[in-house]
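Novice: Numbering (the UniProt record's numbering), first residue to last: 1 to 236.
By construction, the Cβ of each residue, glycine as well, lies at the ideal position given by its N, Cα and C atoms.
Below is a structure I'd like to ask you about.
Here you go:
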């Protein structure tokens, strides 16, 4: 069927077949929206609690706090898009049950989310690095941390730009699905895997630095283990 029909015709045929055979209509969109909303609220509560405590205890807010807040604010559009644009345009439903315009809209909103995601990941790493820079004052460690900050900034901006311009023309990203438009795109899987690989490498490095500093402190091994677990959880 796929070799003789267009993508749109194939989807119509699948929809007609499913309807004629009385196939169950699958829809898990509400589950996705609920999970997204719950995680968004939990994230907001943690950040609010962090700021509330520091203001109550009159602890000076650091650059790590403000970057954390910025990451939360930048994540709000993604949570809203999940609950509206993504869910309303097909998330959790079989693609052959959707209208062509709905599929296009879904890809458009996914395109926006991809850009925000890359920036969010970089900001979360920066918040940890700024936190480490406050507690590890050694000149050597400071140089290492600020160099890593530079790498994270380049990492976030680079992948955000790659995400924006991965297709030429840009709108081909959300219109190419039907095979009726012309353009070219980078390999989205290659982009995702390279981003994940660099991100994991940075995470390992960012975990190694505080653990290395922890190892040279004159603390009981049980206290070191507790602090080490805290760093591991924070990095993850």
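Can you tell which of 118, 35 and 73 has the C-alpha that lies nearest to the C-alpha of residue 82?
Specialist: Considering only alpha carbons, the answer is 35.
Novice: Smallest Cα separation from residue 167: which of 122, 188 and 153?
Specialist: Of 122, 188 and 153, the residue nearest in Cα terms is 188.
Novice: Look up residue 1 in the DSSP assignment and say whether it is helix, strand or coil.
Specialist: Legend: pLDDT at residue 1 = 49, less than 50; position of this residue unreliable, value from coordinates given subsequently. Reduced to three states, the DSSP call for residue 1 is coil.
Novice: Is the separation between the beta-carbon of residue 29 and that of residue 91 shorter than 8 Å?
Specialist: Result yes, Cβ atoms of residue 29 and residue 91 sit closer than 8 Å.
Novice: With a Cβ-Cβ cutoff of 8 Å, do residue 146 and residue 11 count as a contact?
Specialist: Against a cut-off of 8 Å, the Cβ pair of residue 11 and residue 146 comes out as no contact.
Novice: Span of the alpha helix (DSSP H) holding residue 143?
Specialist: Unbroken alpha helix (DSSP H) run through residue 143: 139 to 164.
Novice: Report back the beta-carbon spacing between residue 163 and residue 71 to the nearest angstrom; my notes put them in contact at under 8 Å.
Specialist: About 17 Å separates the two Cβ atoms, so there is no contact after all.
Novice: Specify whether the region 99 to 112 and the region 43 to 61 touch according to this definition: at least 3 beta carbon pairs, one from each stretch, less than 8 Å apart.
Specialist: No: the two stretches stay apart, fewer than three of their Cβ pairs being nearer than 8 Å.
Novice: Whose CA, out of 134, 74 and 105, lies closest to the CA of residue 89?
Specialist: Residue 89 has its Cα closest to that of 105, out of 134, 74 and 105.
Novice: Suppose the cutoff is 7 Å on Cβ atoms and the five residues either side in sequence are ignored; what does the same chain contact list for residue 132 look like?
Specialist: So the qualifying residues of the chain are 145, 209 and 210.
Novice: Enumerate, from N- to C-terminal direction, the unbroken alpha helix (DSSP H) stretches of 4 or more residues contained entirely within the region 17 to 70.
Specialist: Within the region 17 to 70, the complete alpha helix (DSSP H) runs of at least 4 residues are 29 to 56.
Novice: Using the beta-carbon count (16 or more within 10 Å), is residue 152 buried or exposed?
Specialist: Looking at its Cβ environment, which holds 16 or more other Cβ atoms inside 10 Å, residue 152 is buried.
Novice: Among 114, 150, 51 and 137, whose alpha-carbon lies nearest the alpha-carbon of residue 125?
Specialist: Out of 114, 150, 51 and 137, 150 has the C-alpha closest to the C-alpha of residue 125.
Novice: Which residues in the same chain have their Cβ closer than 7 Å to the Cβ of residue 198, if we skip the five residues on either side of it in sequence?
Specialist: For residue 198, where only same-chain residues beyond five positions count, the Cβ hits under 7 Å are 155.
Novice: Alpha helix (DSSP H) containing residue 89: first to last residue?
Specialist: Neither: residue 89 is in no alpha helix (DSSP H) and is coded neither H nor E.
Novice: Please state whether the Cβ-Cβ distance between residue 177 and residue 7 is less than 8 Å.
Specialist: It is a contact, given that the beta carbons lie within the stated cut-off.
Novice: Closer than 7 Å by C-beta to residue 107: which residues in its own chain qualify, once you throw out the five before and the five after it? Chain order, please.
Specialist: Contacts found: 173, 174 and 177.
Novice: So, under 8 Å CB-CB, residue 179 and residue 169 are touching, yes? Tell me the CB distance rounded to an integer number of Å.
Specialist: Actually they are not in contact, since the Cβ atoms of residue 179 and residue 169 sit about 16 Å apart, beyond 8 Å.
Novice: Taking the C-alpha atoms as reference points, what is the distance between residue 1 and residue 191?
Specialist: Here residue 1 scores only 49 on pLDDT, less than 50, and its place in the model should not be relied on; the value that follows carries that caveat. Approximately 31 Å between the Cα atoms of the pair.
Novice: Can you list, in chain order, the residues of its chain whose CB lies under 8 Å from that of residue 202, leaving out five sequence neighbours each side?
Specialist: Once the five neighbours on either side are set aside, the close Cβ partners of residue 202 are 125, 148, 151, 152 and 155.
Novice: Could you check if residue 135 is buried or exposed, using at least 16 other CB atoms within 10 Å of its CB as the buried criterion?
Specialist: Classification of residue 135: exposed, given that the 10 Å Cβ count is below 16.
Novice: Along the chain, where does the alpha helix (DSSP H) containing residue 114 start, and where does it finish?
Specialist: Per DSSP, residue 114 belongs to the alpha helix (DSSP H) from 100 to 135.
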